[in-house]
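Going letter by letter, the sequence shown gives residues 1 to 273 in the numbering used here.
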Amino acid sequence: MTIAGSDSGGGAGIQADLRTFALLGVHGCVAVTAVTVQNSLGVQGFAEIPPDTVAAQIRSVVSDIGIGAAKTGMLASAPIIESVAETCVELGIGRNGGTPLVVDPVCASMHGDALLAVDALDTLRSTLIPLATLVTPNLDEVRLITGIDVVDADSQRAAARALHDLGARWALVKGGHLRTSDHSPDLLFDGADFHEFDQARIDTPHDHGAGDTLAAATACALAHGYSVPDAVAFAKRWVTRGLQAAYPLGAGHGPVNPLWRVASNGGQSPHSR
1 MTIAGSDSGG GAGIQADLRT FALLGVHGCV AVTAVTVQNS LGVQGFAEIP
51 PDTVAAQIRS VVSDIGIGAA KTGMLASAPI IESVAETCVE LGIGRNGGTP
101 LVVDPVCASM HGDALLAVDA LDTLRSTLIP LATLVTPNLD EVRLITGIDV
151 VDADSQRAAA RALHDLGARW ALVKGGHLRT SDHSPDLLFD GADFHEFDQA
201 RIDTPHDHGA GDTLAAATAC ALAHGYSVPD AVAFAKRWVT RGLQAAYPLG
251 AGHGPVNPLW RVASNGGQSP HSR
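Next comes the structure, spelled out in C-alpha cells:
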C-alpha cells in the first residue's frame, strides 16, 4: 500500500508508486493523502484529504485485502501524520507490528515547492519515524529533520545515526543529491552496522519521482520477504535502471521510468534476484 499524494503530472506520488508496484509483481492499494496540482515544472498547489478519510482508506484495505508492506510519501500536515501513525499502530503496520513500513519523509518537491507544513516536522519526528521499519530521506529532508548538512561520508554517517536515534529500525541516507560526488552513495544503518550502496551517477535531468520509486521498490521487496539490506540493494538497482531509461516530459523534469523492464522484455524482480 502507498499512503501518499496524487501527482497530476504522473511523475511521482502514488502514480510512480503504482507503476513500480505493478512492474514488480505486486498488487497496489492506495490511501490518498493529498491531491496536488503539478506538472513537469513544479507544484502549483494541493488540497489535503481529511485525516479521518485517510485513516479510513487504510482500514478498509487492511480489513479486507490485507497488505504485505506499506510506504508513505507526501503526508502534507501534522493531523494527517498523526492519523496515519495512529492507524498504523492500530493495524500492526510498522517496526513493532507484522507489516513493514517504509517512511519516505517527503517535505518538498524536487523543484523546492513545499509539500509538508513546517509545523508538521516535529510530528513527523515524534510519531511516524519511530514506527518506521525503514526511513528514506534525501539530503534536503535529512537537513530539515536532523539539522545535519550532509557534504561527505562523515556527515552522512552522522545523519544516519541521528535518524536512527529518532526511532526508525533502519535509516537510509540517500546520496543522490550529493552533487560533489560523481557517484550516488546511499548509506544504511541499523544502530550497529553500516551498509553502503553505491552507483555511478546517471547523467540525466529527468529524475522526477526517484525517491518515490526507490521507496516503492524497497516496499515491494520487503513484501516478498527480503531483508532490509537486500531490499535496499534491490531498490537501488531498480531506480538506477529507471534513471537510465528516464524520458523528457513537458518543459521541465521528466520521470524515472520503471517501464524499462517491459522494454527490455524482462529484468530483475523480487521473485528472482
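All C-beta atoms, glycine included, are put in the ideal place defined by N, C-alpha and C.
Note that the structure is predicted; figures quoted are calculated from it, not measured.
DSSP places residue 34 in the strand class (E or B) of the three-state scheme. DSSP lists 134 as the bridge partner or partners of residue 170.
Looking only at 21, 57, 74, the smallest Cα-Cα distance to residue 5 is reached by 74. Taken in chain order, the complete beta strand (DSSP E) segments of 3 or more residues contained in the segment 78-114 are 101-103.
Shortest Cα-Cα distance from residue 193 to any of 150, 169, 35, 261 involves 169. Apart from the 5 residues on each side of it in sequence, residue 107 sits with its Cβ closer than 6 Å to the Cβ of 116, 141, 144 in its chain, given in chain order. Within the DSSP bridge table, the entry for residue 184 names 199 as partners. Between the segment 28-36 and the segment 50-60 there are three or more C-beta pairs closer than 8 Å, enough to call the two in contact. Between the alpha carbons of residue 242 and residue 137 lies a gap of roughly 19 Å.
Excluding sequence positions up to five before and after residue 18, its CB lies within less than 6 Å of the CB of 28, all in the same chain and listed in chain order.
Between the segment 69-89 and the segment 147-163 there are fewer than three C-beta pairs closer than 8 Å, too few to call the two in contact.
Taking C-alpha positions only, residue 122 is separated from residue 263 by approximately 43 Å. Residue nearest to residue 215 within the set 129, 70, 224, 156 is 70 (criterion: CA-CA distance). Judged by DSSP secondary structure, residue 204 falls outside any alpha helix (DSSP H); it is assigned neither H nor E. Taking 8 Å as the cut-off, the Cβ atoms of residue 255 and residue 208 count as close. Measuring C-alpha to C-alpha distances from residue 154 to each of 53, 135, 175, 165 identifies 175 as the nearest. Residue 242 carries a helical assignment under DSSP once its states are collapsed to helix, strand and coil. Each residue's CA atom was taken as its position, placing residue 236 and residue 139 some 16 Å apart.
Here DSSP, grouped into helix, strand and coil, assigns residue 129 to helix. Residue nearest to residue 65 within the set 158, 26, 228 is 26 (criterion: CA-CA distance).
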